[in-house]
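Report on one structure; see the data block that follows.
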Amino acid sequence: MAQSASDHPESRWPVFRSLRSFRATDLPGDLIAGLTLAAIAIPEQMATARLGGFSPQIGFFAFIAGSIGFAAFGANRFLSCGADSTITPIFAGGLLLMAASGTPDYQALAVALALMVGVILILGSLFRMGWIANLLSTPVTVGFLAGISVHILVSQLPGVLGLPSPKGAMLDRIIELAQHAGSANSYTLGIGLGVLAVVAGAEAISAKIPGALIGLVAATTAVIAAGLESKGVAVVGSVPATLPMPSLPDLYPEKWAKLVPLALLIAIVVMVQTAATTRAFPSDPDKPADVDRDFLGAGAGSVLAGLFGAFPVDASPPRTGIVSETGGRTQLSGLFAAAIVMALLAFGATLLRHVPDAALGGILLFVALRIIRARQIAKIYRQSLGEFLLIVTTAAAIIVLPIEQGVAVGIGLSLLHGIWSTTRARLVTFEHLPGTTIWWPANPHVPGEQSPDIAVVGLPAPLTFLNVENFSADMLGVLKGTPRPKLLVLEASGILEIDFTAAQGLLELIGECDRQGVTLAIARLESTRAQQAFERFGIYDRLARDRVFRSVDEAVRSLASKR
Numbered sequence: 001m002a003q004s005a006s007d008h009p010e011s012r013w014p015v016f017r018s019l020r021s022f023r024a025t026d027l028p029g030d031l032i033a034g035l036t037l038a039a040i041a042i043p044e045q046m047a048t049a050r051l052g053g054f055s056p057q058i059g060f061f062a063f064i065a066g067s068i069g070f071a072a073f074g075a076n077r078f079l080s081c082g083a084d085s086t087i088t089p090i091f092a093g094g095l096l097l098m099a100a101s102g103t104p105d106y107q108a109l110a111v112a113l114a115l116m117v118g119v120i121l122i123l124g125s126l127f128r129m130g131w132i133a134n135l136l137s138t139p140v141t142v143g144f145l146a147g148i149s150v151h152i153l154v155s156q157l158p159g160v161l162g163l164p165s166p167k168g169a170m171l172d173r174i175i176e177l178a179q180h181a182g183s184a185n186s187y188t189l190g191i192g193l194g195v196l197a198v199v200a201g202a203e204a205i206s207a208k209i210p211g212a213l214i215g216l217v218a219a220t221t222a223v224i225a226a227g228l229e230s231k232g233v234a235v236v237g238s239v240p241a242t243l244p245m246p247s248l249p250d251l252y253p254e255k256w257a258k259l260v261p262l263a264l265l266i267a268i269v270v271m272v273q274t275a276a277t278t279r280a281f282p283s284d285p286d287k288p289a290d291v292d293r294d295f296l297g298a299g300a301g302s303v304l305a306g307l308f309g310a311f312p313v314d315a316s317p318p319r320t321g322i323v324s325e326t327g328g329r330t331q332l333s334g335l336f337a338a339a340i341v342m343a344l345l346a347f348g349a350t351l352l353r354h355v356p357d358a359a360l361g362g363i364l365l366f367v368a369l370r371i372i373r374a375r376q377i378a379k380i381y382r383q384s385l386g387e388f389l390l391i392v393t394t395a396a397a398i399i400v401l402p403i404e405q406g407v408a409v410g411i412g413l414s415l416l417h418g419i420w421s422t423t424r425a426r427l428v429t430f431e432h433l434p435g436t437t438i439w440w441p442a443n444p445h446v447p448g449e450q451s452p453d454i455a456v457v458g459l460p461a462p463l464t465f466l467n468v469e470n471f472s473a474d475m476l477g478v479l480k481g482t483p484r485p486k487l488l489v490l491e492a493s494g495i496l497e498i499d500f501t502a503a504q505g506l507l508e509l510i511g512e513c514d515r516q517g518v519t520l521a522i523a524r525l526e527s528t529r530a531q532q533a534f535e536r537f538g539i540y541d542r543l544a545r546d547r548v549f550r551s552v553d554e555a556v557r558s559l560a561s562k563r
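Sequential numbering of the sequence shown, starting at 1, is according to this note's numbering.
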């Protein structure tokens, strides 16, 4: 019997699981990966903090907390956890409905949100809720990212253009930016586009090149050398050279309650992205990814981030890819990167004083453009117009509605799409392949044969209340067909689940077959859950166990001679 991810001995390792297999020979690779990760994370974390309306050091706190929390409790050897541009616009939009950006209340709400998201993720891990990661279909995810990218672009363009940030709904902000684009500060625009070009160029050459850091250093040097602050170029300003002390936010209970829907939404998005990241960069390709354990790591990172005054954290696919590609072997690389960031906070914070806001904006412009999956959008458009409309609808909802409502709409659309797909499942007719024992779905490209008094059909979906009406109608249609079958075999390999409503429909079908003198058999009932449903709902009481076979061929050979 195959082991699940949670059955492996490593899954029972309490903390710092990836370090269990550490060898001295791994150290050089981990140090190089950690140095590269820090070079990429420093400007990215500053920019993401600004995206959420926080000072740059808060992004550093988030990265340190996320790195330590995941290293201690996560499973994946490569995954990098910290401030992330996917979830930041979502929770920032939600917090702005409760407090003004930059105020103590805004900060306290963000801290409380991080703690709540962390607790939800930890509970998700303990209750093995990895299935939640499948809530978003690919088209909805693509549309979700496209909508998020528009939010990032609109939020960062004022800083790059040197214009005041417009207020109001998203469409109003876009119109206002377009109207005032001619008044842009040429220096800030040059810095923003220059950093964007450097980051994009470095990415095109190699993802290992820290283009964001190179662009940030070059932009800061230009600001100092040319005195650009006097020409209207805004800079980060003083960054406190202090490390945070653990504390809890002072909020009234009703404010905690108001955060619950937003916390659930952010936790779902974090679960989806964490699962996608850990599956894309598995610790061991020969073992299943331990998604539930990685939820625990991400949850611990968010709890630590909240305790140290930061916001929720998330897995980062690009940073995780960097660790994997630069030779990282364990989570020591993430801890080393966190130590570098901590040293920068403690001893080198003054180096950040002259970093131009436009440079951080340029980095985020690149992030926004990168997460738009243009090729995938084009592919879905060519292959499935209906699912392309899902992309458009999801993106439009996130752009037009308040962002957290837009994300909720996207999740709802994904679930509705799954339900709709299940309800469309109809019976498939099987044919016998001559000269073999195989029965295969009828296909014009695969020659098959049928017997006039034998009907073999299958349902390529779980049998539930969503599709049992269509299933029953199709089965009755087979019974009334011309010629009328004497043996009806249901090929059940696609029926992974049977619920109560569907079981009642199946029992009625058994009774109808008996009344019409048709022998009903089940073949390839392979799903354990479906087998348990046969026991639980008393189907074996109406359909003898000797009518359930391991293959269609076995059923036909056994029952055809008894008709």
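Every residue gets a Cβ at the ideal spot worked out from N, C-alpha and C, and that includes glycine. The structure displayed is predicted, hence computed values, not measured ones.
Which residues in the same chain as residue i place their Cβ atom closer than 6 Å to its Cβ, once the five residues preceding and following it in sequence are excluded?
| i | result |
| --- | --- |
| A397 | G406, V409 |
| G159 | D357, A358, G361 |
| M475 | L509 |
| S155 | none |
| L19 | T330 |
| S6 | Note that S6 has pLDDT 45, beneath the 50 cutoff, so the model's placement of it is unreliable and the number below is only indicative. Hits under 6 Å: none found. |
| V552 | W439, V456, V489, E491, A523 |
| P566 | Residue 566 falls outside the range modelled here, since the chain spans only 1 to 563, and no answer is possible. |
Using the DSSP secondary-structure output, state which residues sit across from residue i in a beta bridge.
| i | result |
| --- | --- |
| T48 | T48 is not bridged to any residue. |
| T519 | L487 |
| W440 | E431 |
| V456 | V489 |
| V446 | N443 |
| F549 | A523 |
| V235 | P356 |
| G82 | D314 |
Which same chain residues end up closer than 8 Å to residue i when comparing Cβ atoms and leaving out the 5 residues on each side of it in sequence?
| i | result |
| --- | --- |
| G232 | G162, N185, Y187, T188 |
| G237 | R353 |
| S4 | Below a pLDDT of 50, predicted positions are generally treated as unreliable, and S4, at 45, falls in that range; no measurement from the model is reported. |
| E497 | P462, L463, T464, S527, R529, A530, A533 |
| M133 | At residue 133 the sequence reads Ala, which differs from the Met that was named. M271, V272, T274, A275, A276, V291. |
| S472 | G505, E508, L509 |
Between which residues of its own chain and residue i is the CB-CB distance below 7 Å, once the five residues before and five after are set aside?
| i | result |
| --- | --- |
| S302 | A114, V117, G118, L121, P312, V313 |
| P246 | L307, F308 |
| P282 | A289 |
| A395 | G143, A146, G147 |
| E404 | I90, G93, G94, L262, L265 |
| H8 | Low confidence applies here, because H8 scores a pLDDT of 48, under 50, leaving its location unreliable and the question unanswered by this model. |
| I564 | No answer is possible for residue 564: the residues shown for the chain start at 1 and end at 563. |
| N467 | T422, T423, A425, A461 |
| I224 | H354 |
Along the alpha helix (DSSP H) that carries residue i, what are the first and last residues, could you check?
| i | result |
| --- | --- |
| D565 | Look at the range of the chain in this structure, 1 to 563, and you will see that residue 565 is not part of it. |
| G201 | 186 to 205 |
| Y540 | 539 to 542 |
| F91 | 88 to 96 |
| L265 | 253 to 280 |
| F63 | 56 to 73 |
| L564 | Past the edges of the chain, shown from 1 to 563, lies residue 564, and the structure says nothing about it. |
| I419 | 403 to 423 |
| G227 | Per DSSP, G227 belongs to no alpha helix (DSSP H) and is neither H nor E. |
| L607 | There is simply no residue 607 to check, as the chain begins at 1 and stops at 563 in what is shown. |
| A533 | 528 to 536 |
(request) List in chain order: all unbroken beta strand (DSSP E) runs of 3+ residues lying wholly within the segment 458 to 514. (result) As far as the segment 458 to 514 is concerned, its whole beta strand (DSSP E) runs of at least 3 residues are 487 to 491.
(message) Which complete alpha helix (DSSP H) runs does the segment 112 to 180 hold, if anything under 4 residues is left out?
(response) 138 to 161, 170 to 180
(request) Could you pull out every unbroken alpha helix (DSSP H) segment of at least 4 residues lying fully inside the segment 313 to 340, listed in chain order? (result) 317 to 325, all fully within the segment 313 to 340.
(request) For the segment 263 to 273 and the segment 206 to 224, state whether three or more C-beta atom pairs, one from each stretch, are separated by less than 8 Å. (result) These segments do not touch.
(message) Could you check whether the segment 59 to 67 touches the segment 34 to 46, counting it as contact only if at least three pairs of C-beta atoms, one from each stretch, sit closer than 8 Å?
(response) yes
(request) Report yes or no: do three or more beta-carbon pairs, one from the segment 249 to 260 and one from the segment 104 to 111, lie closer than 8 Å? (result) yes
(request) Indicate whether the contact test is met: 3 or more Cβ pairs, each with one atom in the segment 547 to 554 and one in the segment 508 to 524, closer than 8 Å. (result) The count of Cβ pairs closer than 8 Å, one atom from the segment 547 to 554 and one from the segment 508 to 524, reaches three, so the stretches are in contact.
(message) If contact is defined by three or more beta carbon pairs under 8 Å, each pair taking one atom from either stretch, is the segment 195 to 206 in contact with the segment 326 to 346?
(response) no
(request) Evaluate contact between the segment 79 to 89 and the segment 47 to 54, counting only Cβ atoms and requiring at least three cross-stretch pairs below 8 Å. (result) yes
(request) Evaluate contact between the segment 126 to 138 and the segment 344 to 352, counting only Cβ atoms and requiring at least three cross-stretch pairs below 8 Å. (result) no
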